[in-house]
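The structure under discussion appears below in the form of structure tokens.
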Amino acid sequence: MSSARLAISLLALLLTLSACHRQTGDASPIVARAYDHELHRNDLAGLVGEGVSTEDSTTIVDNYIDQWIRQTVLLSKAEKNINDNFERQLREYKNSLLIYAYEQQIVNQLLDTNVTDNQIEEYYEQHREEFKLKNTIVKAVYVKAPTKSPIIAKLKKTLWKNDFNESDIVDLEATSRRHGLSGYYDADSWMSFFALQGAVPITTYNESLYLRQNRTIQLTDDSTTYLVRIIDYKVTDELSPLELQTDNIRSIILNHRKLDILGHLQADLLDEAEKNGDVKRYK
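Sequential numbering of the sequence shown, starting at 67, is according to the numbering used here.
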């Protein structure tokens with residue numbers, strides 16, 4: 067039997083150990099006892115799967131019994147020495163789990179998960195101060211080429227065009243692929259300026275000024291020339307573009323709906339309980 071399979075079997079038994087108490091009326095033979103808890107042969111039913119050798123079966127059963135004994139001894143000691151404060155914590159935790167499960171059931175039944183583009187745009191416009199950028203972001207394309215490559219002149223001619231557009235990006239990518247060059251050609255996606263600096267060795271202490279003065283960039287190190295075209299940029303504290311916040315706003319709207327459902331649920335249940343006389347306040 068493989069060690070992985072044995073580990074899985076042991077994991078399965080550990081998940082059930084804490085539930086193994088004396089089974090009143092179980093007439094099957096007792097295979098282990100710890101304090102006032104008993105483990106019966108019936109508790110081992112289904113533990114060993116078909117096709118398992120006798121040797122492996124014995125190992126699985128023995129491991130199960132050993133772990134049961136250890137767990138039960140610890141559990142018995144814990145039950146005798148636990149303090150009232152911990153018991154209260156356990157009760158509170160159980161209550162929290164029950165309430166959470168019930169609330170989730172109600173939310174799943176009532177929550178409208180459809181969030182329209184208009185609702186997202188409306189929230190965005192009404193909460194613009196919440197969407198200030200924490201870091202500078204850019205839309206850019208770039209190509210890396212060997213410094214002595216004759217294709218650099220053609221790449222620059224394309225990237226440096228005043229009316230640089232989508233068709234130029236397609237041409238740039240095709241040219242790069244033909245010559246085995248690497249680059250980035252998704253001009254519609256925003257990236258952090260820091261991420262761009264990770265790909266291209268740009269050094270600056272004033273991002274805003276640098277981007278305002280450098281919409282085309284050429285840098286060279288020992289063996290590589292980097293050609294960059296900045297399509298657009300937004301600096302720290304400017305309003306983040308809506309397309310970057312769409313998923314975030316959708317989550318915010320859904321969370322507000324959940325809270326609204328739960329607020330009404332609690333109010334309705336309390337009102338019903340008070341009307342039925344199930345709640346009394348004593349002064």
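Cβ atoms here follow ideal geometry from the backbone N, Cα and C, with glycine treated the same way. Bear in mind that the values here come from a model prediction, so they are computed numbers and not experimental data.
From this set, Asp298, Leu110, Asp303 and Thr269, which residue's C-alpha is nearest Asp287's C-alpha? Here the question's residue 287 lines up with position 221 in the sequence shown. Closest in alpha carbon position to Asp287, among Asp298, Leu110, Asp303 and Thr269, is Thr269.
If contact is defined by three or more beta carbon pairs under 8 Å, each pair taking one atom from either stretch, is the region 242-255 in contact with the region 186-196? By the Cβ rule, the region 186-196 does not count as touching the region 242-255, because fewer than three pairs are nearer than 8 Å.
Rounded to whole angstroms, what is the Cα-Cα separation between Leu308 and Tyr190? Within the sequence shown, residue 308 is the residue found at index 242, counting from 1. Within the sequence shown, residue 190 is the residue found at index 124, counting from 1. Taking the straight line from one Cα to the other gives about 7 Å.
Given 8 Å, three or more beta-carbon pairs between the region 229-244 and the region 261-268: The region 229-244 vs the region 261-268: no contact.
First through last residue of the beta strand (DSSP E) which encompasses His106: Translated into the one-based positions of the sequence shown, residue 106 becomes position 40. Run containing His106: His103 to His106, per the beta strand (DSSP E) assignment.
Cβ of Thr291 within 9 Å of Cβ of Thr213? Start at 1 with the first residue of the sequence shown, and residue 291 comes out as number 225. Start at 1 with the first residue of the sequence shown, and residue 213 comes out as number 147. Closer than 9 Å, so yes.
Sub-9 Å separation of Val345 and Leu331 beta-carbons: Here residue 345 refers to the residue found at position 279 of the sequence shown. Here residue 331 refers to the residue found at position 265 of the sequence shown. No, they are not a contact pair.
The region 97-113 / the region 148-156 touching (three or more Cβ pairs under 8 Å): No, they do not touch.
Just grab the DSSP bridge partners of Asp298 for me. On the sequence shown, position 232 is the one that residue 298 refers to. For Asp298, the pairing in a beta bridge is given by DSSP as Lys205.
So which of Trp134, Val139 and Leu293 has the shortest CA-CA distance to Lys222? For this step, residue 222 is matched to residue 156 along the sequence shown. That would be Leu293, whose Cα lies nearest to the Cα of Lys222.
What do you reckon, are the CB atoms on Lys210 and Ser258 nearer than 9 Å? By 1-based counting over the sequence shown, the position of residue 210 is 144. By 1-based counting over the sequence shown, the position of residue 258 is 192. In this structure, Ser258 does not lie closer than 9 Å to Lys210 by Cβ.
For Ala144, the first and last residue of its enclosing alpha helix (DSSP H): Stepping through the sequence shown from its first residue, residue 144 is reached at position 78. Element bounds for Ala144: Thr120 to Asn147.
C-beta atoms of Ile126 and Ala98 nearer than 9 Å: As a first step, residue 126 must be located in the sequence shown, where it is residue number 60. As a first step, residue 98 must be located in the sequence shown, where it is residue number 32. Contact: no.
Within a Cβ cutoff of 8 Å, which residues of the same chain sit near Gln284, ignoring the five residues on either side of it in sequence? Stepping through the sequence shown from its first residue, residue 284 is reached at position 218. Closer than 8 Å at the Cβ level, and outside the excluded window around Gln284, lie Lys222, Thr291, Tyr292, Leu293 and Val294.
Could you please give the first and the last residue of the uninterrupted beta strand (DSSP E) stretch that includes Val97? The residue given as residue 97 occupies position 31 in the sequence shown. Residue range Ile96 to Ala100 is occupied by the beta strand (DSSP E) that includes Val97.
Starting from the C-beta of Glu340, find all residues in its chain whose C-beta is less than 8 Å away, skip the five residues before and the five after it, and write them out in chain order. Taking the first residue of the sequence shown as position 1, residue 340 is located at position 274. For Glu340, where only same-chain residues beyond five positions count, there are no Cβ hits under 8 Å.
Between Thr124 and Ala167, what straight-line distance do the alpha-carbon atoms span, to the nearest angstrom? Taking the sequence shown and counting its residues from 1, one reaches residue 124 at position 58. Taking the sequence shown and counting its residues from 1, one reaches residue 167 at position 101. If I take the Cα positions, the gap works out to 40 Å.
Proximity to Leu275 [Cα-Cα], best of Ser289, Tyr250 and Thr302: Counting from one through the sequence shown, the residue named residue 275 turns up at place 209. Out of Ser289, Tyr250 and Thr302, Thr302 has the C-alpha closest to the C-alpha of Leu275.
Under the rule that 16 or more other beta-carbon atoms within 10 Å means buried, what is Tyr271, buried or exposed? Start at 1 with the first residue of the sequence shown, and residue 271 comes out as number 205. With fewer than 16 other CB atoms across the displayed protein chains lying within 10 angstroms of its CB, Tyr271 is exposed.
Beta strand (DSSP E) runs wholly inside the region 236-317, at least 3 long, in chain order: Segments of the beta strand (DSSP E) lying fully in the region 236-317: 248-250, 282-286 and 290-300.
Inter-residue Cα distance where the pair is Ile217 and Tyr299: As a first step, residue 217 is located in the sequence shown; it is residue number 151 there, counting from the start. As a first step, residue 299 is located in the sequence shown; it is residue number 233 there, counting from the start. Roughly 28 Å between the two C-alpha positions.
CB of Ser306 within 9 Å of CB of Leu199, strictly: As a first step, residue 306 must be located in the sequence shown, where it is residue number 240. As a first step, residue 199 must be located in the sequence shown, where it is residue number 133. The Cβ atoms of Ser306 and Leu199 sit closer than 9 Å to each other.
Whose CA, out of Tyr101, Lys205 and Leu225, lies closest to the CA of Ser142? Mapped onto the sequence shown, residue 142 falls at position 76. Of the candidates Tyr101, Lys205 and Leu225, the one whose C-alpha sits nearest the C-alpha of Ser142 is Tyr101.
Alpha-carbon to alpha-carbon, Arg347 and Leu156: On the sequence shown, residue 156 is found 90 positions in, with the first residue counted as 1. On the sequence shown, residue 347 is found 281 positions in, with the first residue counted as 1. C-alpha of Leu156 to C-alpha of Arg347: approximately 26 Å in a straight line.
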